[in-house]
Amino acid sequence: MKYIIGIDQSTQGTKAMLFDEVGKMLKRCDLPHEQIISETGWVSHNPEEIYKNTVSVVKNLIEETGVDKADLMAVGISNQRETSVCWERSTGKPVDNAIVWQCSRAEYIAKRVEDAGAAEEIRRKTGINLSPFFPASKYAWLLENNDGVKERAKAGEICLGTIDSYLVFRLTGGKSFKTDYSNASRTQLFNISTLKWDEDILKMFDIPLCALPEVTPSDADFGETDFEGYLDKKIPVHGVLGDSHAALYGQGCLVPGTIKATYGTGSSVMMNVGDKPVFSDKGIVSSLAWHMHGKAQYVLEGNIIYTGAVMSWMVNDLKLFPKATDSIKMMEEANPDDKTYLVPAFTGLGAPYWESNATAMISGMTRTTGKNEIVKAGVECTAYQICDIITAMREDAGIKMADLRVDGGPTKNYNLMQFQADIINSDVLLPDAEELSGIGAAYCAGVAIGIYDESRIFENFKRKSYSPKMDESVRKEKLAGWKKAVGLVLKGAED
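If you count by the working numbering, then the sequence shown holds residues 45 to 539, one letter each, in order.
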């Protein structure tokens, strides 16, 4: 038997998964890491803790499964994307905690670059709007706020990278300093048309090229590791992807028009648009899907701030019901003709609106609106927001979408999945497998070394299909009501 290890290094923790030679997941082991939140709201992670946890979860995985270490063939890595690390090239020691993707401490740097008039050039070259959300500003902050580090970086003594490049560096004993195209495309420093670090943008942020990793294909050989001597022989790291990109691959979205939505605290919607970039004027981000088999593929992506977090708000803050699964029955008991809408702009609206001053609003209530109807609106707002993004993507790409492939915890709510199919008027396909990011990274590695057949590997899991059943006139009426509710929120932001 031959085995592949998939590592998913996410915001909350690190997972290691073992896959057999036909791509079936046999076991998963997890370890959480500390969420370091300062009094000012800065969010950080300890890179050393993440690295040690990565080695530990792999050891735990092998011990608990009892597989022969000699049968391990390769490892793939998926990672939280924009979280930024700065470390010493000679020792691998971090010079500061990692700045997590959620953290906006570098906002003043993004504002400085915007005031210089560079925002549109950056969007045109990188496909993403200027924001402290992305590593460019975070890298600059790390260089500016650690004594002597900027000078050391210019002298080639410092490395800057996302979590994938840090893990590859540490796992290979400092021999490999590489990132893949998907992660590079999310840094706001990478030109997605020329497929190179953009030297003009580097100058805007005062980041030296020598501090950045080599950009290599997602299915390339990133170096070898024995997990600090735990394995008897070294195995190659042969698949590296940002987590959303890995989930896109894990869902088998390999051709233009295939699209997936990952439902979580927030949600990511990503569409494969083929081998040429599509630049959006509708608040959608352009990125690279990956670079495999010798060519790059591109995506459109929309990020929603509040989806699953609305459920947490209803459970923990409003205490409308004890646990998330209770919402399923409450939706069924709600008045189907109620026209209540919840627009969850608790900290602004994400794609495709991008209005940071927006605040949340419940509208359309009548005297007969009760708890069940409010819960129904709270669940359905996720489907409406995803529909907004898909509509924008369809218009930007000019590509017909066949279906929506979904993953994530909220997909367990079959009422939400049926409503999602109804409101986008397309089939929704839910796989019987979880951990699509880890699956994508492992499958990428297995395909790269010839163990898996890409044309068949995605047949490993079955998909439950939700087909649209809603009358077209009802669908249009509901969408018009949602648009009106969003319009009220946007008008309030202007006022």
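Built from N, CA and C at the ideal position, the CB exists for glycine as well. Source: prediction; values computed, not measured.
Check: Under 8 Å: do the segment 260-268 and the segment 219-231 share three or more Cβ pairs, one atom per stretch?; Outcome: yes
Check: Which residue from R167, L174, V139 and T435 puts its Cα closest to that of R156?; Outcome: L174
Check: Look at G484 and A228 and say whether their C-beta atoms are less than 8 Å apart.; Outcome: no
Check: Check the C-beta distance from N235 over to K169 and give it rounded, since I have them as a contact under 8 Å.; Outcome: 5 Å
Check: Which residue comes first and which comes last in the alpha helix (DSSP H) that contains C425?; Outcome: K415 to A441
Check: On a CA-only basis, which of T127, D112, G327 and M248 is nearest A154? Give me that one, please.; Outcome: M248
Check: Could you have a look at K444 and say whether DSSP puts it in helix, strand or coil?; Outcome: coil
Check: Looking at the strands, I want to know which residues DSSP matches up with M69.; Outcome: F63
Check: Grab me the residues of S509's own chain with a C-beta within less than 6 Å of its C-beta, minus the 5 sequence neighbours each way, in chain order.; Outcome: D471 and L473
Check: Quick check: the Cα distance between C431 and Q464, rounded to an integer number of angstroms?; Outcome: 8 Å
Check: Where does P252 land, buried or exposed, given buried means 16+ other C-beta within 10 angstroms?; Outcome: buried
Check: What do you get for M45, buried or exposed, if any count of 16 or more other CB atoms within 10 angstroms of its CB means buried?; Outcome: exposed
Check: Tell me the DSSP bridge mates of T306?; Outcome: S312 and D451
Check: At what residues does the beta strand (DSSP E) containing M117 begin and finish?; Outcome: L116 to N123
Check: Is M428 near I372, with beta carbons less than 8 Å apart?; Outcome: Sequence check: residue 428 is Tyr here, not Met. Taking 8 Å as the Cβ cut-off, Y428 and I372 do not qualify as a contacting pair.
Check: Measure from the alpha carbon of A255 to the alpha carbon of each residue in E272, D242 and I202, then state which is nearest.; Outcome: I202
Check: Could you pull out every residue in the same chain whose Cβ sits closer than 7 Å to the Cβ of E424, ignoring the five residues on either side in sequence?; Outcome: F463
Check: Determine, using beta carbons only, whether Q53 and L211 come nearer to each other than 8 Å.; Outcome: yes
Check: Determine the burial state of H77: buried for a count of at least 16 other Cβ atoms within 10 Å of its Cβ, exposed for fewer.; Outcome: buried
Check: Work out the CA separation of H282 and F271 for me, nearest whole Å.; Outcome: 15 Å
Check: Along the chain, where does the alpha helix (DSSP H) that runs through S356 open and close?; Outcome: G352 to S356
Check: Nearest by alpha-carbon distance to D265: which of S331, T238, H335 and K304 is it?; Outcome: H335
Check: If you scan the segment 203-255 from start to end, which runs of the alpha helix (DSSP H) of 4 or more residues do you find wholly inside it?; Outcome: 207-215, 225-228 and 243-249
Check: Please state the DSSP three-state secondary structure of K528.; Outcome: helix
Check: Please say whether I121 and D64 have beta carbons closer to each other than 8 Å?; Outcome: no
Check: Just curious, the beta strand (DSSP E) that E132 is in, first and last residue?; Outcome: S128 to E132
Check: Which runs of the beta strand (DSSP E) fall wholly inside the segment 451-496 and span at least 3 residues, in chain order?; Outcome: 471-475
Check: Specify the secondary structure class of S330 as computed by DSSP and reduced to three states.; Outcome: strand
Check: Is the segment 482-496 touching the segment 396-414, taking contact as three or more C-beta pairs under 8 Å?; Outcome: no
Check: To the nearest whole angstrom, what separates the beta carbons of P179 and S128, a pair I think is in contact under 8 Å?; Outcome: 4 Å
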